Amino acid sequence: GEDVEQSLFLSVREGDSSVINCTYTDSSSTYLYWYKQEPGAGLQLLTYIFSNMDMKQDQRLTVLLNKKDKHLSLRIADTQTGDSAIYFCGLLSAGKSTFGDGTTLTVKP
Amino acid sequence: EAGVAQSPRYKIIEKRQSVAFWCNPISGHATLYWYQQILGQGPKLLIQFQNNGVVDDSQLPKDRFSAERLKGVDSTLKIQPAKLEDSAVYLCASSSPLGSYEQYFGPGTRLTVT
């Protein structure tokens, strides 16, 4: 099966950049994504990248994909307290979605 | 556009009891997913429907879990009998018929089995 690994916690100061990392094992995924989960809520799609891309930028969010190392990262510029949440890396392969266990981002004022 | 609706939001039962969860996906979404999210972990797919047919139920513990999607709209997930390890949040998600890369999640049902 598909394994997706993430570090569990990240703490940053408001205004700094946050970088959340993810590694995966299967290179046949067609689509990789980042979801955000706030307390008591379901997951919300933040951004995605197709497997034939290396980078995608969307306002404060930058996604980098290194297919050789099977590494995906999410950079949040100018991190705000409202960005505090759990961030899930995931991928779609053969029509099936697999998620990592999430990185809890804490933003300190 | 209304989001994915789930009920109940919370449920506490004793082990060996039965429980059912309900999901109403976004109108027009052909694909519906049920996930189990144990505290501290990511969502794990239990079952995926395309309209009213099952696409993937390989991780559904079929001895105790069942799910149906009658008429290709609403869905129910049932656990009978429940075990302590079934304590989790059960998330329902749906996606557009144009592609499954963006899933819209409901708020989930938090199940506690005592």
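If you read the protein sequences in the order shown, they are chains A and B.
First residue of the first sequence: 1, per the working numbering; consecutive thereafter.
First residue of the second sequence: 110, per the working numbering; consecutive thereafter.
Where is the CB? At the ideal position from N, CA and C, for every residue including glycine.
In this text, all values refer to a predicted model and were calculated from it rather than measured experimentally.
With respect to 8 Å, is the separation between the Cβ of residue i and the closest non-hydrogen atom of the ligand FMN below this value?
i      : result
B/V113 : The ligand FMN is not part of this structure, which contains no ligands at all.
Identify which residue in the options has its Cα closest to the Cα of residue i.
i      : options                           : result
A/T106 : A/V19, A/M53, A/K56 and A/Q59     : A/V19
B/K187 : B/R118, B/L155 and B/F130         : B/F130
B/L148 : B/A197, B/I135 and B/A114         : B/A197
B/S205 : B/S136, B/V128 and B/R125         : B/S136
B/P190 : B/K153, B/Y119, B/A139 and B/T223 : B/T223
B/L220 : B/Q126, B/V113 and B/V163         : B/Q126
A/N21  : A/E14, A/Q6, A/R13 and A/G15      : A/Q6
A/L43  : A/I49, A/S51, A/N52 and A/Y33     : A/Y33
In the DSSP output, which residue or residues are listed as bridge partners for residue i?
i      : result
B/Y119 : B/R219
A/D58  : A/L61
B/I135 : Paired residue(s): none; B/I135 is not in a bridge.
Buried or exposed: where does residue i fall if 16 or more other Cβ atoms within 10 Å of its Cβ makes it buried?
i      : result
B/A202 : buried
A/P109 : exposed
A/L8   : exposed
B/D172 : exposed
A/Q25  : As written in the sequence, residue 25 of chain A is Thr, which differs from the Gln given in the question. Counting Cβ neighbours within 10 Å, A/T25 comes out exposed, since fewer than 16 surround it.
B/D195 : buried
A/T79  : buried
Have a look at residue i and residue j and give me their C-alpha separation to the nearest angstrom.
i      : j      : result
A/Q37  : A/L46  : 10 Å
B/E123 : A/P39  : 25 Å
A/I86  : B/D165 : 27 Å
A/S17  : B/K120 : 39 Å
A/Y31  : B/S116 : 30 Å
Worksheet item: For the 8 Å Cβ check, are there 3 or more pairs between the segment 167–183 of chain B and the segment 134–154 of chain B?
Response: Yes, they touch.
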